[in-house]
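Below is one structure; the comments refer to it alone.
Residue numbers (UniProt numbering): 1 to 135.
Given below as C-alpha cells:
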C-alpha cells in the first residue's frame, strides 16, 4: 500500500466551486493600504492640491497630518492650484498618484501607526530660483 502524502499547500487554498480554488490570503492592497491600485478622477469642484489629497484619502484609511506638524513649504505646496493634468489618473497605486501630485521637491512620509500622510522637502532638489535656459 502506498504511503499517503500529506497535503501541506492545500491549507492556503479555498475551493470556490467544483473545479475552482483560490489562494486564501490578503491582497497587496489589504496589506499596504497605499498600494491599492485605483483609477482616479478628481471632481471639478476641488481646486487645490490639499483638497485633492483629502478627497483621494477619504476611503483609504489614511488622512493628511495636521497643519501644526507640516512645514511651511508643505503647507504652501498643498495650497497650490491643482493642475488639470492631475485630475485624472489611469489605474495605478495610490502612493504613486500622491508622489506624482507632490512632484520631485517633496518626499511622501507615511506614518502607518497613526495612518497619517506628511511631506518632507527633498534636499537634493535644485534651488527654486534656478530656471535653466537663456536669460
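All residues carry an ideal CB built from backbone N, CA and C; glycine is no exception.
- To which residues of the same chain is residue 133 closer than 7 Å at the C-beta, ignoring the five residues directly before and after it? Stepping through the chain shown from its first residue, residue 133 is reached at position 133. Interpretation of residue 133 is limited by its pLDDT of 45, a score under 50 that renders its predicted location unreliable; the figure taken from the coordinates is listed afterwards. Correct list: empty, nothing qualifies.
- Task: Indicate whether residue 26 and residue 48 have their beta-carbon atoms separated by less than 8 Å.
- Result: The sequence position of residue 26 within the chain shown is 26, counting from 1. The sequence position of residue 48 within the chain shown is 48, counting from 1. By the CB criterion at 8 Å, residue 26 and residue 48 fall outside the cutoff.
- Where does residue 123 fall in DSSP's three states? By one-based count along the chain shown, residue 123 stands at place 123. Here residue 123 sits in coil by DSSP.
- Message: Closer than 8 Å is the cut-off here; do at least three beta carbon pairs connect the stretch 36–51 with the stretch 92–107?
- Response: They touch, by the three-pair rule.
- Message: Considering only DSSP beta bridges, list what residue 92 is partnered with.
- Response: Along the chain shown, one-based indexing puts residue 92 at 92. DSSP links residue 92 through a beta bridge to 38.
- Message: For residue 60, which residues in the same chain have their Cβ closer than 8 Å to its Cβ, ignoring the five residues on either side in sequence?
- Response: As a position in the chain shown, residue 60 is number 60, starting the count at 1. Sequence-distant Cβ neighbours of residue 60 in its own chain, meaning closer than 8 Å and more than five residues away, are 33, 34, 36, 94.
- Query: Excluding five sequence neighbours on each side, which residues of the same chain lie with their C-beta closer than 8 Å to the C-beta of residue 99?
  - Reply: Locating residue 99 in the chain shown gives position 99, counting from the first residue. If we look at residue 99 and ignore the five residues flanking it on each side, its Cβ neighbours are 108.
- Per-residue DSSP class, three states only, for residue 86: Within the chain shown, numbered from 1, the residue matching residue 86 stands at position 86. Three-state DSSP puts residue 86 in a helix.
- Message: Is the separation between the beta-carbon of residue 52 and that of residue 86 shorter than 8 Å?
- Response: Within the chain shown, numbered from 1, the residue matching residue 52 stands at position 52. Within the chain shown, numbered from 1, the residue matching residue 86 stands at position 86. Judged by beta-carbon spacing, residue 86 lies within the 8 Å limit of residue 52, meaning their Cβ atoms are closer than that value.
- Query: For residue 56, which residues from the same chain have a beta carbon less than 8 Å from its beta carbon, with the 5 sequence-adjacent residues on both sides left out?
  - Reply: Position 56 of the chain shown holds residue 56. If we look at residue 56 and ignore the five residues flanking it on each side, its Cβ neighbours are 40, 42, 94, 97, 98.
- Query: Under 8 Å, do residue 14 and residue 28 count as touching if we go by C-beta distance?
  - Reply: Counted from its first residue, the chain shown places residue 14 at position 14. Counted from its first residue, the chain shown places residue 28 at position 28. It is not a contact, given that the beta carbons lie outside the stated cut-off.
- Task: Consult DSSP for residue 113 and reduce its assignment to one of helix, strand or coil.
- Result: Stepping through the chain shown from its first residue, residue 113 is reached at position 113. It is coil, neither helix nor strand.
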